[in-house]
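Data block below; observations after.
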Amino acid sequence: MKVTIDGFPIEVEAGTTILNAARMIGGDIVPPAMCYYSKLEGTGGKCRTCLVQVSKGSEKDPRPMPKLVASCRTTVMDGMEVKNITSPEVIEARKGVVEMLLINHPLDCPVCDQAGECHLQDLGYEHGAAKTRYEFDRRTFEKIDIGDKIQLHMTRCILCYRCVFVADQITDHRIHGILNRGDHSEISTYIQKAVDNDFSGNVIDVCPVGALTDKTFRFKNRVWFTKPVEAHRDCENEKCGGKVTLWYKGEDVIRVTARKDEYGEAEEFICNTCRFDKKKTSDWVIEGPRKVSNKSVINSNHYDTLHPLPVVKTNPVLIEANKEQFERETRL
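First residue of the sequence shown: 1, per the UniProt record's numbering; consecutive thereafter.
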(Lines of atoms letter the chains of each structure in order from A and count residues from 1; the text may use other names and numbers.)
(Lines give C-alpha, C1' and ligand atoms only; values in the text may rest on other atoms or scores of the structure.)
Protein backbone atom coordinates (compact mmCIF):
# COMPACT_ATOMS: atom_id res chain seq x y z
CA MET A 1 0.00 0.00 0.00
CA LYS A 2 1.19 3.49 -0.83
CA VAL A 3 0.64 6.33 1.65
CA THR A 4 1.88 9.91 1.46
CA ILE A 5 2.66 11.80 4.68
CA ASP A 6 3.48 15.51 4.43
CA GLY A 7 4.41 14.98 0.79
CA PHE A 8 6.68 11.97 1.45
CA PRO A 9 5.41 8.76 -0.24
CA ILE A 10 6.17 5.32 1.19
CA GLU A 11 5.13 1.73 0.52
CA VAL A 12 3.95 -0.16 3.61
CA GLU A 13 2.26 -3.45 4.40
CA ALA A 14 -1.48 -3.70 4.96
CA GLY A 15 -2.43 -3.10 8.60
CA THR A 16 0.38 -0.58 9.22
CA THR A 17 -0.72 2.42 11.25
CA ILE A 18 -0.11 5.98 10.08
CA LEU A 19 2.25 6.52 13.02
CA ASN A 20 4.43 3.53 12.15
CA ALA A 21 4.42 4.54 8.48
CA ALA A 22 5.67 7.98 9.52
CA ARG A 23 8.36 6.37 11.66
CA MET A 24 9.57 4.44 8.61
CA ILE A 25 10.08 7.78 6.87
CA GLY A 26 11.57 9.40 9.98
CA GLY A 27 12.41 13.01 10.71
CA ASP A 28 10.12 15.76 11.91
CA ILE A 29 7.02 14.37 10.19
CA VAL A 30 6.75 11.64 12.85
CA PRO A 31 3.83 12.55 15.17
CA PRO A 32 4.65 12.61 18.90
CA ALA A 33 3.23 9.79 21.01
CA MET A 34 2.90 9.73 24.78
CA CYS A 35 0.81 6.57 25.27
CA TYR A 36 1.66 4.38 22.25
CA TYR A 37 4.43 1.84 22.82
CA SER A 38 5.27 -0.48 19.94
CA LYS A 39 6.58 -3.25 22.23
CA LEU A 40 3.26 -3.49 24.11
CA GLU A 41 -0.03 -4.72 22.66
CA GLY A 42 -3.13 -2.57 23.05
CA THR A 43 -1.37 0.73 23.69
CA GLY A 44 -2.32 3.95 21.96
CA GLY A 45 -5.43 6.05 21.51
CA LYS A 46 -5.40 7.66 24.96
CA CYS A 47 -3.24 10.80 24.90
CA ARG A 48 -4.30 12.16 21.46
CA THR A 49 -0.95 13.86 20.86
CA CYS A 50 -0.48 11.93 17.60
CA LEU A 51 -3.53 13.46 15.88
CA VAL A 52 -3.13 13.92 12.12
CA GLN A 53 -5.30 15.12 9.24
CA VAL A 54 -6.24 12.65 6.50
CA SER A 55 -6.76 14.85 3.45
CA LYS A 56 -7.43 11.85 1.16
CA GLY A 57 -8.92 8.60 2.43
CA SER A 58 -7.76 6.29 -0.37
CA GLU A 59 -7.72 5.86 -4.13
CA LYS A 60 -11.17 4.21 -4.04
CA ASP A 61 -12.64 6.84 -1.73
CA PRO A 62 -10.66 10.09 -2.03
CA ARG A 63 -12.87 12.00 0.40
CA PRO A 64 -10.99 13.46 3.39
CA MET A 65 -11.80 12.21 6.85
CA PRO A 66 -14.10 14.72 8.56
CA LYS A 67 -12.11 14.92 11.80
CA LEU A 68 -8.51 14.59 12.93
CA VAL A 69 -7.59 10.98 13.72
CA ALA A 70 -5.18 9.32 16.13
CA SER A 71 -2.33 8.11 13.91
CA CYS A 72 -1.38 5.33 16.34
CA ARG A 73 -4.83 3.71 15.92
CA THR A 74 -5.61 4.46 12.26
CA THR A 75 -4.36 2.03 9.63
CA VAL A 76 -3.30 3.24 6.20
CA MET A 77 -5.28 2.72 3.01
CA ASP A 78 -3.84 2.52 -0.49
CA GLY A 79 -3.45 6.04 -1.84
CA MET A 80 -4.06 7.74 1.50
CA GLU A 81 -2.65 11.24 1.97
CA VAL A 82 -1.88 12.50 5.47
CA LYS A 83 -0.87 15.89 6.84
CA ASN A 84 0.99 16.28 10.10
CA ILE A 85 3.28 19.30 10.51
CA THR A 86 1.99 20.76 7.22
CA SER A 87 -1.53 21.10 8.66
CA PRO A 88 -2.36 24.22 10.74
CA GLU A 89 -5.34 22.33 12.18
CA VAL A 90 -3.08 19.59 13.53
CA ILE A 91 -0.64 22.08 15.07
CA GLU A 92 -3.49 23.95 16.76
CA ALA A 93 -5.15 20.74 17.99
CA ARG A 94 -1.86 19.43 19.36
CA LYS A 95 -1.37 22.69 21.21
CA GLY A 96 -4.75 22.12 22.89
CA VAL A 97 -3.90 18.52 23.76
CA VAL A 98 -0.64 19.60 25.39
CA GLU A 99 -2.51 22.28 27.34
CA MET A 100 -4.89 19.58 28.60
CA LEU A 101 -2.02 17.26 29.60
CA LEU A 102 -0.43 20.12 31.56
CA ILE A 103 -3.62 21.17 33.38
CA ASN A 104 -2.83 19.11 36.49
CA HIS A 105 0.86 18.48 35.86
CA PRO A 106 3.03 20.22 38.50
CA LEU A 107 5.74 22.66 37.45
CA ASP A 108 8.49 20.79 39.26
CA CYS A 109 10.85 20.10 36.35
CA PRO A 110 13.82 21.57 38.29
CA VAL A 111 13.56 18.78 40.89
CA CYS A 112 12.14 15.99 38.72
CA ASP A 113 14.44 13.06 37.88
CA GLN A 114 12.80 12.74 34.46
CA ALA A 115 14.00 16.20 33.39
CA GLY A 116 16.12 15.93 30.28
CA GLU A 117 14.40 12.69 29.21
CA CYS A 118 10.79 13.82 29.60
CA HIS A 119 8.58 13.57 26.52
CA LEU A 120 6.13 16.00 28.08
CA GLN A 121 8.90 18.61 28.34
CA ASP A 122 9.59 18.14 24.63
CA LEU A 123 5.90 18.46 23.80
CA GLY A 124 5.56 21.54 25.97
CA TYR A 125 8.53 23.15 24.24
CA GLU A 126 7.36 22.26 20.72
CA HIS A 127 3.60 22.79 21.01
CA GLY A 128 2.80 24.27 24.41
CA ALA A 129 1.14 27.63 25.03
CA ALA A 130 2.88 30.44 26.89
CA LYS A 131 0.35 30.26 29.72
CA THR A 132 -2.63 28.16 30.77
CA ARG A 133 -6.28 29.20 30.69
CA TYR A 134 -7.07 26.86 33.59
CA GLU A 135 -8.15 28.80 36.68
CA PHE A 136 -9.05 26.02 39.11
CA ASP A 137 -6.98 24.19 41.70
CA ARG A 138 -4.81 21.38 40.36
CA ARG A 139 -5.48 17.90 41.65
CA THR A 140 -2.77 16.57 43.95
CA PHE A 141 -1.87 13.17 45.41
CA GLU A 142 0.47 12.00 48.12
CA LYS A 143 3.61 10.23 46.94
CA ILE A 144 3.49 6.49 47.62
CA ASP A 145 6.05 3.68 47.41
CA ILE A 146 4.79 0.82 45.24
CA GLY A 147 7.86 -1.24 45.96
CA ASP A 148 11.13 -0.93 47.80
CA LYS A 149 12.77 0.70 44.74
CA ILE A 150 9.89 2.45 42.94
CA GLN A 151 8.10 5.62 43.98
CA LEU A 152 4.82 6.74 42.42
CA HIS A 153 4.24 10.48 42.15
CA MET A 154 0.68 10.40 40.87
CA THR A 155 0.44 14.19 40.61
CA ARG A 156 2.74 14.02 37.57
CA CYS A 157 0.89 11.13 35.88
CA ILE A 158 -0.85 11.74 32.53
CA LEU A 159 -2.70 8.38 32.59
CA CYS A 160 -0.99 6.91 29.52
CA TYR A 161 -1.54 3.36 30.91
CA ARG A 162 1.90 2.18 29.75
CA CYS A 163 2.90 0.87 33.18
CA VAL A 164 -0.37 -1.09 33.39
CA PHE A 165 0.27 -2.76 30.03
CA VAL A 166 3.84 -3.62 31.10
CA ALA A 167 2.56 -5.31 34.24
CA ASP A 168 -0.08 -7.18 32.22
CA GLN A 169 2.22 -8.42 29.46
CA ILE A 170 5.75 -8.59 30.91
CA THR A 171 5.28 -9.62 34.54
CA ASP A 172 3.67 -12.72 36.00
CA HIS A 173 0.87 -10.81 37.73
CA ARG A 174 -0.42 -7.28 38.03
CA ILE A 175 -1.51 -5.70 41.30
CA HIS A 176 -1.67 -2.07 40.20
CA GLY A 177 -3.97 -0.28 37.78
CA ILE A 178 -6.42 2.58 37.29
CA LEU A 179 -8.71 3.37 40.21
CA ASN A 180 -11.81 5.62 40.00
CA ARG A 181 -13.03 7.45 36.90
CA GLY A 182 -12.89 10.84 35.20
CA ASP A 183 -10.71 13.46 36.82
CA HIS A 184 -10.48 11.26 39.92
CA SER A 185 -8.66 8.51 38.02
CA GLU A 186 -5.30 7.49 39.42
CA ILE A 187 -2.67 4.77 39.17
CA SER A 188 -2.41 2.86 42.42
CA THR A 189 -2.03 -0.56 43.98
CA TYR A 190 -4.76 -2.63 45.59
CA ILE A 191 -4.77 -1.76 49.32
CA GLN A 192 -1.21 -0.43 49.04
CA LYS A 193 0.29 -3.77 48.03
CA ALA A 194 3.89 -3.63 46.86
CA VAL A 195 4.86 -4.24 43.24
CA ASP A 196 7.65 -6.76 43.75
CA ASN A 197 7.91 -9.00 40.66
CA ASP A 198 11.15 -9.55 38.74
CA PHE A 199 10.33 -7.07 35.97
CA SER A 200 8.58 -4.33 37.94
CA GLY A 201 11.38 -1.84 37.20
CA ASN A 202 10.27 -1.63 33.58
CA VAL A 203 7.34 0.56 34.61
CA ILE A 204 9.98 3.25 35.25
CA ASP A 205 11.37 2.99 31.72
CA VAL A 206 8.01 3.13 29.95
CA CYS A 207 6.68 6.11 31.94
CA PRO A 208 6.95 9.14 29.62
CA VAL A 209 6.91 11.61 32.52
CA GLY A 210 8.32 11.54 36.07
CA ALA A 211 5.38 9.76 37.70
CA LEU A 212 7.33 6.52 38.31
CA THR A 213 10.91 7.04 39.45
CA ASP A 214 13.84 4.89 40.53
CA LYS A 215 14.34 5.38 44.27
CA THR A 216 17.98 4.26 44.00
CA PHE A 217 18.65 7.17 41.61
CA ARG A 218 16.18 9.70 43.02
CA PHE A 219 17.72 13.19 43.46
CA LYS A 220 21.25 11.84 42.93
CA ASN A 221 22.08 13.71 39.73
CA ARG A 222 20.83 15.29 36.53
CA VAL A 223 21.01 13.16 33.41
CA TRP A 224 22.95 15.80 31.45
CA PHE A 225 25.78 15.56 34.00
CA THR A 226 26.09 11.80 33.47
CA LYS A 227 27.73 9.73 30.76
CA PRO A 228 25.57 6.99 29.14
CA VAL A 229 27.43 3.84 28.11
CA GLU A 230 26.07 0.74 26.31
CA ALA A 231 26.76 -2.59 28.04
CA HIS A 232 25.48 -6.15 28.29
CA ARG A 233 25.76 -9.27 30.45
CA ASP A 234 24.57 -12.89 30.37
CA CYS A 235 21.60 -12.60 32.67
CA GLU A 236 20.37 -15.66 34.56
CA ASN A 237 16.76 -14.72 33.85
CA GLU A 238 15.86 -16.10 30.43
CA LYS A 239 13.24 -13.38 29.85
CA CYS A 240 15.77 -10.59 30.43
CA GLY A 241 17.52 -9.09 27.43
CA GLY A 242 20.64 -8.24 29.43
CA LYS A 243 21.36 -5.22 27.18
CA VAL A 244 21.36 -1.94 29.09
CA THR A 245 22.57 1.63 29.29
CA LEU A 246 24.85 2.39 32.24
CA TRP A 247 24.75 6.00 33.43
CA TYR A 248 28.13 7.02 34.86
CA LYS A 249 29.03 9.88 37.17
CA GLY A 250 32.80 9.80 37.23
CA GLU A 251 33.70 6.15 37.71
CA ASP A 252 30.47 5.18 39.48
CA VAL A 253 27.39 3.66 37.85
CA ILE A 254 24.52 5.60 39.39
CA ARG A 255 21.71 4.22 37.24
CA VAL A 256 20.94 1.31 34.92
CA THR A 257 18.15 1.47 32.33
CA ALA A 258 16.99 -0.56 29.37
CA ARG A 259 18.34 0.55 26.02
CA LYS A 260 15.93 2.88 24.24
CA ASP A 261 15.44 3.67 20.58
CA GLU A 262 15.04 7.12 19.03
CA TYR A 263 11.39 7.21 20.12
CA GLY A 264 12.20 6.52 23.77
CA GLU A 265 10.98 2.92 23.68
CA ALA A 266 12.91 0.10 25.33
CA GLU A 267 14.52 -2.22 22.78
CA GLU A 268 14.38 -5.12 25.26
CA PHE A 269 12.97 -5.27 28.78
CA ILE A 270 15.38 -6.05 31.61
CA CYS A 271 14.95 -7.69 35.02
CA ASN A 272 15.28 -6.01 38.40
CA THR A 273 18.59 -7.76 39.09
CA CYS A 274 20.24 -6.04 36.13
CA ARG A 275 18.54 -2.75 36.90
CA PHE A 276 19.03 -2.42 40.67
CA ASP A 277 21.70 -4.91 41.79
CA LYS A 278 24.38 -4.75 39.09
CA LYS A 279 25.92 -1.31 39.49
CA LYS A 280 29.61 -2.16 39.16
CA THR A 281 31.55 -1.86 35.94
CA SER A 282 32.93 -5.35 36.54
CA ASP A 283 29.39 -6.76 36.28
CA TRP A 284 29.12 -5.73 32.63
CA VAL A 285 30.76 -6.06 29.24
CA ILE A 286 31.21 -2.48 28.06
CA GLU A 287 30.39 -1.86 24.38
CA GLY A 288 31.05 1.87 24.15
CA PRO A 289 29.43 5.29 24.62
CA ARG A 290 25.73 5.58 23.86
CA LYS A 291 24.90 7.65 20.78
CA VAL A 292 22.91 10.65 21.93
CA SER A 293 20.94 12.92 19.60
CA ASN A 294 22.48 16.36 19.22
CA LYS A 295 19.01 17.77 19.93
CA SER A 296 18.96 16.20 23.39
CA VAL A 297 20.02 18.10 26.48
CA ILE A 298 21.95 14.97 27.52
CA ASN A 299 24.34 15.75 24.69
CA SER A 300 25.15 19.18 26.13
CA ASN A 301 28.31 18.05 27.92
CA HIS A 302 29.46 15.54 25.31
CA TYR A 303 31.07 17.66 22.62
CA ASP A 304 32.44 16.01 19.48
CA THR A 305 34.95 18.83 19.15
CA LEU A 306 37.06 20.75 21.62
CA HIS A 307 36.46 23.96 19.64
CA PRO A 308 32.74 24.81 19.62
CA LEU A 309 31.61 27.08 16.81
CA PRO A 310 31.36 30.77 17.75
CA VAL A 311 27.82 32.00 18.31
CA VAL A 312 27.79 34.74 15.68
CA LYS A 313 24.65 35.16 13.55
CA THR A 314 26.60 36.24 10.47
CA ASN A 315 28.97 33.28 10.64
CA PRO A 316 28.20 31.14 7.53
CA VAL A 317 29.54 28.01 9.21
CA LEU A 318 27.17 28.46 12.13
CA ILE A 319 24.23 29.19 9.82
CA GLU A 320 24.91 25.97 7.89
CA ALA A 321 25.17 23.98 11.12
CA ASN A 322 21.79 25.31 12.23
CA LYS A 323 20.07 25.06 8.86
CA GLU A 324 18.06 22.04 9.92
CA GLN A 325 16.72 23.87 12.97
CA PHE A 326 15.85 26.96 10.92
CA GLU A 327 13.89 24.89 8.41
CA ARG A 328 12.05 23.07 11.14
CA GLU A 329 10.95 26.27 12.91
CA THR A 330 9.78 27.69 9.58
CA ARG A 331 7.56 24.66 8.97
CA LEU A 332 6.05 24.90 12.44
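Virtual Cβ for every residue (Gly too), placed ideally from N, Cα, C. Values in this document were obtained by computation on a predicted structure and should not be read as measured data.
Pairing L101 with I158 gives a Cβ-Cβ distance under 7 Å. When Cβ pairs closer than 8 Å are counted between the two stretches, the stretch 218 to 238 is seen not to touch the stretch 174 to 188, the count staying below three. V292 is a Cβ neighbour of I298, given a cutoff of 7 Å.
For the pair R181 and A167, the Cα-to-Cα distance works out to about 20 Å.
The beta carbon of P64 is closer than 8 Å to those of Q53, V54, S55, K56 and G57 in its chain, skipping five residues each way along the sequence.
As DSSP reads the structure, R255 sits in a beta bridge with W247. Closest option to A266, judged by alpha-carbon separation, among F217, K131, R162 and I254: R162. Beyond the five residues adjoining it in sequence on each side, P9 comes within less than 8 Å, by CB distance, of K2 and V3 in the same chain, given in chain order.
Of all alpha-carbon atoms in E142, C112 and F225, the one lying nearest the alpha-carbon of T155 is that of E142. A residue is called buried when at least 16 other Cβ atoms come within 10 angstroms of its Cβ; G96 does not meet this threshold and is exposed.
The beta-bridge partner set that DSSP reports for D214 consists of I150. Listed in chain order, the alpha helix (DSSP H) runs fully inside the stretch 111 to 171 are 119 to 127 and 162 to 169, counting runs of at least 4 residues. With respect to the 7 Å criterion, C72 and L19 are classified as neighbours on the basis of their beta carbons. Between I150 and V203, the beta carbon gap of about 7 Å places them in contact (Cβ cut-off 8 Å). The continuous beta strand (DSSP E) containing P289 extends over residues V285 to P289. In the DSSP assignment, M80 falls within the unbroken beta strand (DSSP E) covering M80 to K83.
One thing to note: P208 has its Cβ no nearer than 7 Å to the Cβ of H105.
Residue state for T49 is assigned as coil, using DSSP reduced to three classes.
With 16 or more other CB atoms across the displayed protein chains lying within 10 angstroms of its CB, R94 is buried. Beta-carbon to beta-carbon, D196 and R139 are separated by about 28 Å, too far to satisfy the 8 Å threshold. DSSP, read as helix, strand or coil, puts P228 in strand. Annotation for L101: the continuous alpha helix (DSSP H) segment containing it runs P88 to L101.
Here DSSP, grouped into helix, strand and coil, assigns L179 to strand. For G210, the closest of V12, C160, S300 and T43 by C-alpha to C-alpha distance is C160.
Residue state for V3 is assigned as strand, using DSSP reduced to three classes.
C-alpha of K46 to C-alpha of S282: approximately 42 Å in a straight line. Residue environment: R23 is assigned as buried (16 or more neighbouring CB atoms within 10 Å of its CB, all protein chains considered). According to the DSSP assignment, I10 belongs to the beta strand (DSSP E) that extends over F8 to E11.
Cα atoms of R222 and L246: separation of roughly 14 Å, rounded to the nearest angstrom. For the 7 Å CB-CB criterion, L123 and P228 do not form a contact. Cβ-Cβ distances below 7 Å link L212 to I150, L152, C163, V203 and I204 in the same chain, with the five nearest sequence neighbours on each side left out; the list follows chain order. Per DSSP, the unbroken beta strand (DSSP E) holding I187 starts and ends at E186 to T189.
Pairing A70 with C50 gives a Cβ-Cβ distance under 7 Å.
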